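Numbering (the numbering used here) for the sequence shown: 755 to 980.
Report on one structure; see the data block that follows.
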Amino acid sequence: METIELVNERIAKNLIFYRKASGMTQAEVATKINYSDKSVSKWESGNGVPDIYILMQLASLFNVTVNDLIGDTEKPVHEENKKKRNSLHTLIMLLSSGIVWLVATFLFVTSNLVAPGKAWWLAFLFAVPVNAVVFVVFSGIWKYKFLNFCSVSGLIWTLILAIYVLLKTLFPDESFWLLFVLGAPLQILETLWVYFRYKLVRFKNSSMAFLGLKGRKNERKKNDEN
755 METIELVNER IAKNLIFYRK ASGMTQAEVA TKINYSDKSV SKWESGNGVP DIYILMQLAS
815 LFNVTVNDLI GDTEKPVHEE NKKKRNSLHT LIMLLSSGIV WLVATFLFVT SNLVAPGKAW
875 WLAFLFAVPV NAVVFVVFSG IWKYKFLNFC SVSGLIWTLI LAIYVLLKTL FPDESFWLLF
935 VLGAPLQILE TLWVYFRYKL VRFKNSSMAF LGLKGRKNER KKNDEN
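If you want it as structure tokens, here you go:
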């Protein structure tokens, strides 16, 4: 006969697996079921299990059965779907990046044919921040938070670099190094914005969990009165 610890551990592993297979964070799961992310973290660490009502909600959220959450079954299909989804996302980003560089190459070639001898190589330099925009957009859509942070940082500094090189090319005797000083507060603002969003999600989850708990208490009170 299985011990409570083994059952909790198995359920915890299943919750982690199906949450990641669904591409969701603990905070997002908590928001969907009106619980705090601390509760979700506790369940996934094996320090407790959700009640049957919450298990039914989680099963519906992950598009699986309750037995999938509590049983010891193989999960190759979900793992394969996750790999396929990530591969598709990578392919889309690479193709989009390829289009950016194709356009940059086209502009470089045609501009040199029309007016040779000028600094048309700058098209490739400005293609770098444009490429960063592509990654910012897709990482935001697919919620790749770390990639999104790196892409925004890359956009800030590569755009400043491109503008700096352009100005130095047009006005070689002038100094424009102060442009890089502008990047520092922008980078700080981005970091603060990421931290603010994180705290906002935690606050929202806590509020939703409180309201959900209060609603369930009121519902139980009404049922007891009836």
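Where a beta carbon is used, it is the ideal one built from N, C-alpha and C, also for glycine.
Quick caveat, the model's predicted, so the values are computed rather than measured.
Query: Is the number of C-beta pairs between the region 801-808 and the region 857-869 that are closer than 8 Å three or more?; Result: no
Query: In its own chain, which residues sit with a C-beta less than 7 Å from the C-beta of LEU909, not counting the 5 before and 5 after it?; Result: PRO883, ALA886, VAL887, VAL890
Query: Could you check which residue in LEU769, ILE853, GLY937, LYS953 has the C-alpha nearest to that of SER814?; Result: LEU769
Query: Just checking my contact of PHE892 with VAL948 at CB under 8 Å: how many whole Å lie between their CB atoms?; Result: PHE892 to VAL948, Cβ: 17 Å. No contact.
Query: List in chain order: all unbroken alpha helix (DSSP H) runs of 4+ residues lying wholly within the region 779-821.; Result: 780-786, 791-798, 806-816
Query: What do you get for GLU928, buried or exposed, if any count of 16 or more other CB atoms within 10 angstroms of its CB means buried?; Result: exposed
Query: Just the C-alpha distance for ASN788 and GLN780, rounded to the nearest angstrom, thanks.; Result: 12 Å
Query: Tell me whether the beta-carbon of LEU943 lies closer than 8 Å to the beta-carbon of ILE917.; Result: no
Query: Can you tell me which of the three DSSP states LYS872 falls into?; Result: coil
Query: How many Å lie between ASP826 and ARG764 at the Cα?; Result: 7 Å
Query: Just the Cα atoms here: how many angstroms apart are THR864 and TRP911?; Result: 28 Å
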